[in-house]
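Single-structure report; data block below.
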Amino acid sequence: MSKKFILNLALFLGLFHFSVAQDVYAKNESVDVQNYVFGLHLNDASNEIKGETQITVKFKDGAVPFSLDLIQKSGEFGMEITKVTENDSQANYTYADDKINIVPKNSNDSIQTFTITYQGVPERGLVIASTKFGKRSFFGDNWPNLARHWLPSVDHPYDKASVEFQITAPDHYDVVATGEKVEESNLENGYKLTIYNEPAPVATKVMTIGVTEFASRLVDNVDGIEVSAWVYPQNRLEGFGDYEVAGNVLEYFIDHIGPYSYAKLANMQAKTQWGGLENAGTIAYFENSVTGNKTVEPLIAHEIAHQWFGNSATEKSWNHVWLSEGFATYFSILYLENVYGDERRKKELAIDKKEIFDYYRKNPAPIVDLSIKDPMKVLSTNTYQKGGWVLNMLRHKLGDGAFWEGIRAYYNKYRNSNVLTDDFRDVMEKVSGKDLESFFEQWLFIKGHPQIKWNWGYSNGKVNLSIQQLRDHHVFRFPLEIGLVKDGKLTIQTIEINQRNQNIQMESEDQPDSIVLDPNEWTLFEVMGKL
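According to mature numbering (1 follows the signal peptide of the UniProt record, and there is no 0), the sequence shown holds residues -21 to -1, 1 to 510 in order.
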């Protein structure tokens, strides 16, 4: 999702890699949801929804009790269950503490289907509201764990499943949802049934529907993937123009990373709490993203990058969300670099670097912060901008060839699956042949970034460079490009910083007019002044 909307979220401090307070959701690894069929009935008379959800479950080691998430009715909001069946008979279940706890009766079949019939008014997750133009609308807005407000599910990204939405709604609405449209049928009494099916496994955080009065257009077709825009009729031409760049972005990522995983790529103007929400194959962009000025290209690139990173290769633990947000941040920059040149990369990274420094002063925590228990608190400048900067430094460390080869190998291995940071490191090590443990530890699991003071002089054909690191808790080790400027010409030499205080000599036939540290924006450090 868009980074600019999360910069003020607070984080707990996380100082140690070995902290045990990591992603407290109770994972049941012996049960694997294979498929959801969400039958939903929407109406104009009230905000109450009626649902019938079929859940196909695979038991890996024999049928065992398992739980589904669904927020119970309390006052105006929440859901009431009217029936739960196991295959075609009444299931053995309880419903307490927002959990549907099911004890299978059939212990023989490894794959079974359970059906939950329910109704209620969702407080969150499904946004039922009016659009900016006053039209009634229904938008799925599940990130991070809000699906449980309206969809019975394992509401955590570790258990992904294929999904089908069967939406019955008044026939004046247009419907878009996760997956490919497989049916649209007019029913009696002014209702319409619309069905979308997505065969690829999807986490609940990025499942969605959009139901309102839409104008829609096919804006591109890339490798057989239909790219469409779904916008409000009142700004249809502006929206179609703003969103049409999505086809170019999709093509770039397919060419550079690997195959796209989902049935389509719809770009949807929506009511969402985020600037953009990377729902699988059906991205939601905030209502005012449509201007007609084509200014949302970076946002579109960020959300489409998520289709590979976060949606297909999905973090198994919320504490590793940088594998989603840091990747989307940097791969948006890579796309912009490809279109507009390296100066655009440097410009974006310079902006992000300043935000990283400002953020750290109030929130001194590592990127992978194992102290955070609430998934709503994992988003920060660390997981976005600093995560993106780590990838920029990794690219420089490995070189473009090994970096891109590693990225493609990583995606190929974990496509439609789950991943942790060490899994990514392992792939990049195997491809590059380099030991990256200290690099990953330093930049992801240790808080902060280098702060330095420095100075230089010249004598006897040598530049004498003095650098002092100011951090007390860690001596950072990193390569640093030194730009020697003479008569407007820039010459670059690379040195290795690995001590708290270093004096380094560099050969130079002439005395430089000036020296620039890291002129090409490859290393994350903060200059605190001269020695």
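Beta carbons are placed, not taken as given, at the ideal position from N, Cα and C, and that holds for glycine. Computed from a predicted structure; not experimentally measured.
Task: Sequence-distant residues of the same chain with beta carbon closer than 7 Å to LYS(-18), five excluded per side - done: With a pLDDT of 48 at LYS(-18), under the threshold of 50, the modelled position of this residue cannot be trusted; read the value that follows with caution. Same-chain partners within the cutoff: GLY254.
TODO: To the nearest angstrom, report how far apart GLY169 and LYS29 are at their CA atoms.
DONE: One alpha carbon belongs to GLY169, the other to LYS29, and they sit about 17 Å apart.
- [ ] Kindly indicate which residue of LYS52, ILE60, GLN447, ASN439 has the alpha-carbon position closest to the one of VAL100.
- [x] LYS52
Task: Close beta carbons around ASN(-14), own chain, < 6 Å, minus the five adjacent residues each side - done: For ASN(-14), the predicted model reports a pLDDT of 37, less than 50, meaning its position is unreliable and no value from the coordinates is stated.
- [ ] Determine the extent of the beta strand (DSSP E) in which ILE283 is found, giving its start and end residues.
- [x] First-last for ILE283: 276 to 284, but that is the alpha helix (DSSP H), not the beta strand (DSSP E).
- [ ] Return the chain-ordered list of same chain residues with a C-beta closer than 6 Å to the C-beta of GLU276, the five sequence neighbours on each side being excluded.
- [x] VAL224
Open item on the list: I need the DSSP call for ARG115, collapsed to helix, strand or coil.
Closed with: strand
Task: TYR170 in three-state terms, based on DSSP - done: strand
- [ ] Measure the C-alpha to C-alpha separation of ILE312 and GLU327 and round it to an integer number of angstroms.
- [x] If you take the alpha carbons of ILE312 and GLU327, they lie about 7 Å apart.
- [ ] Taking 8 Å as the cut-off, decide whether the C-beta atoms of THR64 and PHE38 are in contact.
- [x] no
Task: ALA(-1) classed as buried or exposed, judged by whether at least 16 other C-beta atoms fall within 10 angstroms - done: Note that ALA(-1) scores 43 on pLDDT, short of 50, meaning its location in the model is unreliable; the coordinates nonetheless yield the value given after this. Answer is exposed; the Cβ neighbour count stays below 16.
Task: Segment contact, 8 Å Cβ cut-off, at least three pairs: the region 376 to 386 with the region 400 to 419 - done: yes
TODO: Return helix, strand or coil for VAL495, following the three-state DSSP convention.
DONE: Looking at VAL495 - three-state DSSP - the assignment turns out to be strand.
- [ ] Name the one or two DSSP bridge partners that VAL206 has.
- [x] VAL206 pairs with ASP199, LEU244.
- [ ] Give the secondary structure of THR362 by DSSP, where H, G and I count as helix, E and B as strand, and everything else as coil.
- [x] helix
- [ ] State buried or exposed for ASP11, treating a residue as buried only when at least 16 other CB atoms are found within 10 Å of its CB.
- [x] buried
Task: Beta-ladder partner(s) of LYS465, from DSSP - done: LYS468
- [ ] Check whether the region 315 to 331 touches the region 362 to 369, taking contact to mean three or more Cβ pairs, one atom from each stretch, closer than 8 Å.
- [x] yes
Task: Bounding residues of the beta strand (DSSP E) (the contiguous stretch that carries VAL154) - done: 153 to 156
TODO: Could you give the DSSP three-state label for GLY508: helix, strand or coil?
DONE: strand
Task: Assigned exposure category for LYS6 - 16 Cβ within 10 Å defines buried - done: exposed
Open item on the list: For LEU299, which residues in the same chain have their Cβ closer than 7 Å to its Cβ, ignoring the five residues on either side in sequence?
Closed with: According to the sequence shown, residue 299 is His rather than Leu. VAL347, LEU399, THR400.
TODO: Would you identify the three-state DSSP class for LEU370, choosing helix, strand or coil?
DONE: In this structure, LEU370 counts as helix in the three-state DSSP scheme.
Open item on the list: As a quick exercise: from VAL16, GLY54, GLY119, PHE56, pick the residue whose alpha carbon is nearest that of THR96.
Closed with: VAL16
- [ ] Using beta-carbon positions only, say whether THR183 and ALA126 come within less than 8 Å of one another.
- [x] yes
- [ ] Please report how far the alpha carbon of PRO498 lies from the alpha carbon of ILE446, in whole angstroms.
- [x] Taking the straight line joining both Cα atoms gives about 17 Å.
Open item on the list: To the nearest angstrom, how far is the alpha carbon of GLN69 from that of LEU130?
Closed with: One C-alpha to the other measures close to 20 Å.
Task: DSSP beta-bridge partners of LEU459 - done: ILE474
Open item on the list: Here's a check: name, in chain order, each residue in its chain whose Cβ is nearer than 6 Å to the Cβ of TRP209, leaving out the five neighbours to either side.
Closed with: VAL155, PHE193, SER195, ALA245, MET247
Task: Under 8 Å between C-beta atoms of PHE112 and TYR264 - done: no
Open item on the list: Taking the straight line between their C-alpha atoms, what separation do you get for GLU266 and ASN434?
Closed with: 50 Å
Task: Euclidean distance between Cα positions of residue 518 and SER46 - done: No information on residue 518 is available, as it lies outside the stretch -21 to 510 that the chain covers here.
- [ ] Determine the extent of the beta strand (DSSP E) in which TYR97 is found, giving its start and end residues.
- [x] For TYR97, the uninterrupted beta strand (DSSP E) run begins and ends at 90 to 100, by DSSP.
Open item on the list: Whole angstroms are fine: how far does the CA of HIS281 sit from the CA of THR308?
Closed with: Put simply, the backbone Cα of THR308 is about 6 Å away from that of HIS281.
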